[in-house]
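Heads up: the sequence shown is residues 1045 to 1155, going by this note's numbering.
Think of the CB as a built atom: it goes at the ideal place given N, C-alpha and C, for glycine as much as any other residue.
Only a predicted model underlies this, so the values are computations on that prediction, with no experimental measurement involved.
Worksheet: one structure, shown below.
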Amino acid sequence: MTYYICAIFTLISAAVSFGFSIEAYSSAKKKAGSSLTTAKYAVSRSLALLVVSIGLIIFISRPYLTTLATAMILVQLFDGLIGLKISRFKTAGPLLTALVNALLLLLLLKS
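Below you can see the structure in the form of structure tokens.
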């Protein structure tokens, strides 16, 4: 059960990250230049994390879930740090997500 709770939360985290990268891509399409290229890279990386997280719901693998959960914790942590310059919401949301995902990962590792 702990596996699925951690996997589902990691999936949600990856889906939110993918959503924000799609939003960045949509905004960058309106502007020409390097911001569009950067947004495309963000979409490709976020999509890869999302696909793997979906796979971990279907194919159970604690080592891969540990790796992906750690990656998503770092993504959310860095997003929260970047959000410091934007708004409290863009800081608190990712940092809270990173904290919850870290706690779930610790529970998974202890079980």
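As assigned by DSSP and simplified to three states, the class of residue i
i       : result
Arg1132 : coil
Ser1155 : coil
Met1116 : helix
Ser1078 : helix
Phe1064 : helix
Ile1056 : helix
Gly1122 : Per the sequence presented here, residue 1122 reads as Phe, with Gly not at that position. The answer is helix: DSSP assigns Phe1122 an H, G or I state.
Ser1097 : helix
Residue j beta carbon less than 9 Å from that of residue i
i       : j       : result
Ser1097 : Leu1112 : yes
Leu1094 : Ser1061 : yes
Ala1142 : Gly1124 : yes
Leu1139 : Cys1050 : no
Tyr1108 : Leu1121 : no
Val1119 : Ser1057 : yes
Thr1081 : Ser1155 : no
Exposure label - residue i; buried when at least 16 CB within 10 Å
i       : result
Ile1117 : buried
Ala1136 : exposed
Thr1213 : Residue 1213 cannot be examined here, being either before or after the span of the chain that is shown, 1045 to 1155.
Leu1149 : buried
Ala1092 : exposed
Ser1090 : buried
Own chain partners of residue i with C-beta closer than 8 Å, once the 5 adjacent residues on each side are dropped
i       : result
Ala1086 : Ser1065, Ala1068, Tyr1069
Own chain, CB closer than 6 Å to residue i, minus 5 neighbours either side, in chain order
i       : result
Ala1083 : Ala1068, Tyr1069, Ala1072
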